[in-house]
Amino acid sequence: MRYSSVLLLLVSCLSAPVIMAAEVLPWGHAQVTPTEYPPMKVVYDVTTGDVEELSHVLDRVSYLSNITGADPFEQSIVVVLHGASPRLFAIRNYEKYKALQTRAQSLTVGDIIQIKMCRLAAEGQGLGPKDIQGFVELVPMGDAEIVRLQFVEGHAYMQ
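Reading the sequence shown from the start, the letters are residues 922 to 1080 in our numbering.
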């Protein structure tokens, strides 16, 4: 009798983690689908003035470039800055946003990733072409540039 009680206690203790795992893992684990992505044309619409948010966008842009081959002849990734973002690329704010500006500039090397800025948004923040870092291209209007990139050049839209 005593042996069966000990055995029952041991079995119940060992099976408890299995039952608990089944309760929190009813569908099993996620599956990874190996996928190869061809070079792409993408435009990112960026209006944030938050450094962390913009850094996250730059991380996504960089990763997309890397997983699609970083081919300067077949690929085009454009970040269009407007809204509150122009001040982050102002020369006068270099010391404050040095890490962000340096990271953004490094992504433009190789001509796969371009950073464009709405001139209207920049002017609305008191910034002209001479106030913005040289790796940024000013365009007349951010919204118009995004539409042009989508419908004339065939870029997919991302936020």
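Glycine residues also receive a C-beta, built at the ideal position from the N, C-alpha and C atoms.
Are the CB atoms of residue j and residue i within a distance shorter than 9 Å?
i: Glu1058; j: Ile1034; result: no
i: Ser983; j: Leu1028; result: yes
i: Val978; j: Tyr958; result: no
i: Ala1005; j: Thr968; result: yes
i: Pro947; j: Gly990; result: no
i: Lys1051; j: Ile1012; result: yes
i: Val963; j: Ala1077; result: yes
i: Pro993; j: Gln1046; result: no
Alpha carbon to alpha carbon, how far is residue i from residue j?
i: Leu1070; j: Ile998; result: 10 Å
i: Gln1054; j: Phe1010; result: 6 Å
i: Ala1020; j: Met1062; result: 26 Å
i: Glu1074; j: Arg1040; result: 21 Å
i: Glu973; j: Arg981; result: 13 Å
i: Asp1032; j: Gly949; result: 43 Å
i: Phe1056; j: Thr1023; result: 10 Å
i: Leu985; j: Val1068; result: 21 Å
i: Thr956; j: Phe1072; result: 27 Å
For the beta strand (DSSP E) containing residue i, name the first residue and the last one.
i: Lys962; result: Lys962 to Val967
i: Ile998; result: Ser997 to Leu1002
Considering residue i, what are the terminal residues of the alpha helix (DSSP H) in which it resides?
i: Leu1009; result: Leu1009 -> no alpha helix (DSSP H), and no H or E assigned at all.
i: Leu946; result: No alpha helix (DSSP H) contains Leu946, which DSSP labels as neither H nor E.
i: Val972; result: Val972 to Ile988
i: Thr956; result: Note, Thr956: premise wrong, no alpha helix (DSSP H); not H, not E.
i: Gln1022; result: Lys1019 to Thr1029
Residues in the same chain with beta-carbon distance under 7 Å from residue i, minus the five sequence neighbours each way, listed in chain order, please.
i: Glu1066; result: Val1001, Lys1037 and Val1060
For residue i, I'd like the list of residues in its chain whose CB is within less than 6 Å of its CB, leaving aside the five on either flank, ordered along the chain.
i: Lys1017; result: none
Excluding the 5 residues preceding and the 5 following residue i in the sequence, name in chain order all residues of the same chain whose CB lies nearer than 8 Å to its CB.
i: Gly996; result: Residue 996 is actually Gln in this sequence, not Gly. Pro960, Met961, Lys962, Ser986, Thr989, Gly990 and Ile1033.
Q: Write down every uninterrupted run of the beta strand (DSSP E) in the stretch 1040 to 1078 whose length is 3 residues or greater and which is fully enclosed by it, in chain order.
A: List check, beta strand (DSSP E) in window: 1057 to 1060.
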